[in-house]
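Trainee: Be aware that the sequence shown starts at -4, since it is given in this note's numbering, and climbs by one per residue.
Have a look at the structure that comes next, please.
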Amino acid sequence: MDNTVSNKVQYAGFWIRAGAYLLDLLIFMIPLSILNYIMINIFTSVTGLELGSYEAENYHAHITQKDAMIHSVLQIINSIITVFICKMFLTSKWQATPGKRFMNIYVVGISGEKISPKTAILRTALPLFVSVLFILSMNFRTAGIEKNLPTPDNNFVEEIKDIMPSTYDYFANSALDEVDIWRNFLSVVSLSPEIMNGKVTIKDTVTNLKFYESLYSEEDIEIIEIMLEEYIKLSQEDIMAIQQHVVGMATETIADILKILLVSLLFFIVFFIWYIMAVFTKEKTAFHDIVAKTRVIKGRP
């Protein structure tokens, strides 16, 4: 195939390429997930550290800055592996990834020639680079939300000493080491301000909690009930301190969530423009096709 017959080539459009991409995603996801699991286990075995979001026995897992960093490194490693796997397929006699081969579409140069390893790497790495940036951003944004909540990593114990000095000893004996208990307790306090003015009883509040079994275990509810009984005995100063703490956490968390939504929208717009070009351009080229000087065609080249 050369430039003299290029007008007879049928270029692959957006939807068939999207289908091939989804197939590749499914095909590569399983081995890469297994590899990711192996790397995590090697890391934890060598360092002795536990990653919060991978604690299978802890339902309420926490994502810390440490977790975000490790996950990001693993994501970068997976992306590099993916680039070289795709390079291997695109420069082979297939001239296509498994998903593209199944859909009978192939990647060629602008003159119909087989692409070089350098071109294959460039073509694959461009969209993956943007995807990795998005994932890294989400990792650290999520960790940013976690830092606003009571976790073992943000000196929450010291904060409790400051905001509830009159009952610190009692709470310490009850559940101070159970960070999730404190999260749940503060959530209940923030959602049930009526407890203080007598409009809602502790019994009613605890009864309502029992409807959320996935969030609160029976043991959690028992401890929260005891904590609420102590809470209503606090001095006005302590109560105000707790309420201010809850409002502060909520405000910062909402701000971080809005940032996540904004970043997500930005990346969605970038990818939409990136790939929608394949609908409107004459040769059905997405942005990475233009940069790498490749084309995706239907049928064997």
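Quick reminder that beta carbons are idealized off the backbone N, C-alpha and C, glycines included.
From the DSSP output, which residues share a beta bridge with K113?
Mentor: According to DSSP, K113 bridges with nothing at all.
Trainee: Could you round the C-beta distance between I100 and K293 to whole angstroms and report it? I think they count as a contact, below 8 Å.
Mentor: 6 Å
Trainee: For L121 and F282, I'd like the C-alpha separation in whole angstroms.
Mentor: 9 Å
Trainee: Using a 10 Å radius around the Cβ and a threshold of 16 neighbouring Cβ atoms, would you call F84 buried or exposed?
Mentor: buried
Trainee: Let me confirm a value: K95 is counted as buried when at least 16 other C-beta atoms fall within 10 Å, else exposed. Which label applies?
Mentor: buried
Trainee: Suppose contacts are defined by Cβ-Cβ distances below 8 Å. Is L21 in contact with S74 by that definition?
Mentor: Result no, Cβ atoms of L21 and S74 do not sit closer than 8 Å.
Trainee: Between the Cα of A13 and the Cα atoms of Q70, M272, V286 and K277, which residue gives the shortest distance?
Mentor: M272
Trainee: Less than 8 Å between the beta carbons of F97 and L18, yes or no?
Mentor: Yes; because the gap between Cβ atoms is below 8 Å, this pair is in contact.
Trainee: Using the three-state DSSP reduction, which class does T289 fall into: helix, strand or coil?
Mentor: strand
Trainee: Drop a sphere of 10 angstroms on the beta-carbon of A250, count the other beta-carbons inside from all chains shown, and report buried for 16 or more, exposed for fewer.
Mentor: exposed
Trainee: Bridge partners for Y16 per DSSP, in chain order?
Mentor: Answer by DSSP bridge pairing: none, since Y16 is not bridged.
Trainee: Given the structure, does K109 come close to the ligand NAD, in the sense that its CB is under 7 Å from one of the ligand's heavy atoms?
Mentor: This structure does not include the ligand NAD; it has no bound ligands of any sort.
Trainee: Could you give the DSSP three-state label for F282: helix, strand or coil?
Mentor: helix
Trainee: Closest by CA to L30, which one among A15, T86 and I71?
Mentor: Closest by alpha carbon: I71.
Trainee: Can you give me the start and stop residues for the alpha helix (DSSP H) that G94 sits inside?
Mentor: DSSP places G94 in the uninterrupted alpha helix (DSSP H) bounded by P93 to F97.
Trainee: Which residue wins for smallest C-alpha separation from F23, given the options T92, I37 and L69?
Mentor: T92
Trainee: CB-CB under 8 Å to I76, same chain, minus the five flanking residues each way: which ones, in chain order?
Mentor: L27 and L30
Trainee: Considering V102, what are the terminal residues of the beta strand (DSSP E) in which it resides?
Mentor: I100 to G104
Trainee: Using the rule of at least 16 other Cβ atoms within 10 Å of the residue's Cβ for burial, across every protein chain shown, is T246 buried or exposed?
Mentor: Exposed, because fewer than 16 other Cβ atoms sit within 10 Å of the Cβ of T246.
Trainee: Might you give, ordered along the chain, the residues of its own chain that have their beta carbon closer than 7 Å to the beta carbon of K3, omitting 5 neighbours on each side?
Mentor: none
Trainee: Just mark V286 as buried or exposed, buried being the case when its beta carbon has 16 or more other beta carbons within 10 Å.
Mentor: exposed
Trainee: By how many angstroms is the C-alpha of I234 removed from the C-alpha of E225?
Mentor: 11 Å
Trainee: Is the beta carbon of V291 less than 8 Å from the beta carbon of V102?
Mentor: yes
Trainee: Taking the straight line between their C-alpha atoms, what separation do you get for T119 and I80?
Mentor: 10 Å
Trainee: Taking the CB atoms as reference points, tell me whether M242 and F9 lie closer together than 8 Å.
Mentor: Looking at the sequence provided, one finds Val at residue 242 rather than Met. It is not a contact, given that the beta carbons lie outside the stated cut-off.
Trainee: Per DSSP, what are the beta-bridge partners of Y226 in this structure?
Mentor: Paired residue(s): none; Y226 is not in a bridge.
Trainee: Report yes if the C-beta distance between Q90 and K113 is below 8 Å; otherwise report no.
Mentor: At the C-beta level, Q90 and K113 stay beyond 8 Å of one another.
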